[in-house]
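These protein sequence lines are chains A and B, in that order. Residue numbers for the first sequence follow the UniProt record's numbering, beginning at 1 and rising by one. Residue numbers for the second sequence follow the UniProt record's numbering, beginning at 1 and rising by one. Backbone N, C-alpha and C fix where the C-beta goes; we use that ideal spot for every residue, glycine too.
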Amino acid sequence: MLEVEQLVMEYGRFRAVDRCTLTVEKGHITGLIGPNGAGKTTLFNMIAGAITPTSGRIRYLGEEITGLPADKRFHRGLVRTFQIPHEFHRLTVLENLMMVPGRQAGESLLANWFAWGKVAQDEREIEARAHETLDFLELGHVADEKAGNLSGGQKKLLELGRTMMTDAKLVLLDEPAAGVNRTLLRKLEEKIAILNRERGYTFILIEHDMEMIEKLCHPVICMAEGRVLIEGDFKTVRSDPRVLEAYLGETVGDAA
Amino acid sequence: MEWLGLLNYAVFMAIFICIYALLAIGLNIQWGFTGLFNAGIAGFFAVGAYTSAILTSPPEAGRVGGFDMPVPVGWAGAMVLAALVAWPIGKVCLRFRSDYLAIATIGIAEIIRLVIKSEDWLTGSARGITGIPRPFGDLPYIHSQLAYLALVAGVLLVVYLLVERQIRSPWGRMMRAIRDNELAARAMGKDVPSRRLEAFVFGAALMGLGGALFAHLNRAITPEAIDPMVATFLVWIMLILGGSGNNRGAILGVAVVWVIWSFSEILTDRFPPEVAVKAKYIRVFLIGLMLQVVLRFRPEGILPEPQRGAAAKEKR
């Protein structure tokens, strides 16, 4: 579904991602782990189109998308979340979700003046879907709150919620568990599994919570210093000496 | 006679407030809702004023036109041409960050002013264009003023309602999202550059309309009217003072600034001539002082931007 070939991202003389090559199969939840600074988020930014790689190629659904702008990738079903929440802070929580669906009738200037009925109908459907999403994420009570006022964990949930507002094919989740409480975390895992099973979403998941990685991800890819170190099932990756070395004391096996 | 004079003045002022309100709403679309720093309002104002003047004035030797067309054609033409001028500017400049856009738009407004000042065949250079027809211009003076006021107030009302509908619509929600976090808006599939361009062009069209209404009010337009102080920076002060991001605030800001601007003129004109010249500067000082005071106590303007999206709460 997604092929990354020899991808390089250079900042000056520093290589954040160094000839990274990997493949993601349709229908899988691929885990992406590695110590801080391994280049995981930089890789996400290139796959999502937020930054353009120095060299290398990205193919998605059989087509090259290396130079395609981020918004066009979204419309092809490639959706991402941000590690540091990027909520629209002056919009309400509900509005944060309602702005997501693509090609809304009300996004055209003329439709708002001449096709009022169509716009209103679209809005009703989008609002219903947004409330469903909020109820699932247990954010219903803050629907009309300014998103900037949410707690860190709630913002992470809102990030996930936005990916549920569109018919995504490949979802890039950047540390969805960080700052989310345990109970909610289990629900989050469950929802990701349901989206994967029933809606056929493919996921790539960056996460430091090894319990979550073990439960959800197959295969697991470990990155270090901008490169893929090893790919395989969780147990193989976890016990590989190179992985343990890369973490240098940030013990992988701890949580599991 | 004194009160009649005051009434005349009040009507004249009200007309100006309506025209400036169009400029402020245009700027509000660009700055208040989209975050685009347009410092060249005077340029779009001028394009609108001259376009409508050329389209509707009677033919004159040595100059393009006039084409003697009906006034509504002139006004529509003013909006279209202001939008057409804004399009390439936006296309090139909106990629810059806001401070560069400000510099670029100042420069372009200045170019437009110089073209108007020197291109005799197009704009009549320093003489300007005269004989611009004025709607209801044949009525007695005060009736004519009142009728024109009704007309511009009607135009303002329609524009206000249309823009408010835009802002409350999904379009407005998307624009506010872009303003809040461009990176996330792009990741959520919004085509940020063309949406910004849309807002820039839409705002410029309203500025062009304001220019046209101004030209028809005076029956003439000369390069002196394209003063950046009055046509650009005063509008900025009005919007910031009234409350950017709030159309009612924009209109209120226009009214407050214009009333102070005008009354201080009446006041300083009564001073002995040698003082009066110096006192002119007091007016600028007063406006500046008021801006300081308002921003000290109400940093978001007299009427701050409301929390939008709360409408959904009332519905349920």
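Buried/exposed call for A:E107, threshold 16 Cβ in 10 Å:
buried
Do B:Y160 and B:N28 come within 8 Å of each other at the CB atom, strictly closer than that value?
no
At what residue ranges does the segment 213-251 of chain B contain a whole run of the alpha helix (DSSP H), taking only runs of 4 or more?
234-242
Please list, in chain order, the chain A residues whose beta carbon lies closer than 9 Å to that of B:K190.
Residues of chain A passing the Cβ test: D71, F74, M99, G102, E107.
Does A:R124 come within less than 8 Å of chain B when only Cβ atoms are used?
no
List, in order along the chain, the chain A residues whose C-beta lies closer than 9 Å to that of B:Q307?
R90, T92, D144, K146
Please classify A:M1: does DSSP put it in a helix, a strand, or coil?
coil
Give the straight-line distance between the Cα atoms of A:R227 and A:R182, rounded to the nearest whole angstrom.
Taking the straight line joining both Cα atoms gives about 31 Å.
Determine the DSSP secondary structure at A:A143, reduced to helix, strand or coil.
coil
Counting beta carbon pairs with one atom in the segment 189-197 of chain B and one in the segment 68-77 of chain B, are three or more of them shorter than 8 Å?
no
Please list, in chain order, the residues of the segment 247-279 of chain B that have any C-beta partner in chain D closer than 7 Å.
Judged by its chain identifiers, the structure shown contains no chain D, and its protein chains are A and B.
Below 6 Å CB to CB, which residues in the same chain sit around B:A255 once its five sequence neighbours on both sides are set aside?
Result list for B:A255: I17, in chain order.
Beta-carbon contacts of B:F33 that lie in its chain and below 8 Å, excluding the five residues immediately before and after
I167, G172, M175, R176, R179, A199, G245
Cβ closer than 9 Å: which chain B residues qualify as neighbours of A:E95?
R173, R176, A177, R308, G309, A312
Cβ of A:V119 within 8 Å of any chain B Cβ:
yes
Contacts that A:H86 makes with chain B (C-beta to C-beta distance below 8 Å)
N181, L183, A184, A187
Taking C-beta pairs closer than 9 Å, name the residues in chain B that A:F82 reaches, listed in chain order.
L183, A184, A187
Under 7 Å Cβ to Cβ from B:K117, same chain only, skipping five residues before and after it: list those, please.
S125, A126, P223
By the criterion of Cβ-Cβ separation under 8 Å, what are the contact partners of B:R165 in chain A?
N112, W113
So, under 8 Å CB-CB, A:Q83 and A:D174 are touching, yes? Tell me the CB distance rounded to an integer number of Å.
4 Å
For B:D138, tell me which candidate among B:L217, B:P228, B:A109, B:V163 has the shortest Cα-Cα distance.
B:L217
Assuming B:Q30 and B:L36 make a contact with CB atoms under 8 Å, what is their CB distance in whole Å?
4 Å
Of all Cβ atoms in chain B, is any one closer than 8 Å to the Cβ of A:R15?
no
Just to confirm, are A:K118 and A:A111 a CB contact at a threshold of 8 Å?
Contact flag set, yes.
Tell me the rounded alpha-carbon separation between B:V294 and B:G253.
11 Å
Apart from the five residues on each side of it in sequence, which residues of its chain come closer than 6 Å, Cβ to Cβ, to B:M79?
A205, G208, L209
Would you be able to state if there are at least three C-beta pairs under 8 Å between the segment 52-69 of chain A and the segment 88-100 of chain A?
The segment 88-100 of chain A, when compared against the segment 52-69 of chain A, does not touch it at the 8 Å Cβ threshold.
Is the distance from the Cβ of A:G102 to the Cβ of A:F74 below 8 Å?
yes
Sub-8 Å separation of B:I89 and B:I108 beta-carbons:
Cβ distance < 8 Å, so B:I89 and B:I108 count as in contact.
Out of curiosity, what's the CA-to-CA distance linking A:K40 and A:C217?
16 Å
Which value, in whole angstroms, describes the spacing of the CA atoms of B:L7 and B:A185?
51 Å
Any beta carbon from chain B within less than 8 Å of A:A38's own beta carbon?
no
Taking B:G211 as the reference, which of B:E2, B:G5, B:G26 has the closest Cα?
Distance from the Cα of B:G211 is smallest, within the candidate group B:E2, B:G5, B:G26, for B:G26.
Provide the residue(s) that pair with B:F45 in DSSP beta bridges, ordered along the chain.
DSSP, once it has assigned bridges, lists no residue as partnering B:F45.
Residue nearest to B:L114 in terms of C-alpha spacing, selected from B:M290, B:S262, B:P228, B:I266:
B:P228
With 8 Å as the threshold, decide whether the Cβ of A:I47 is near any Cβ in chain B.
no
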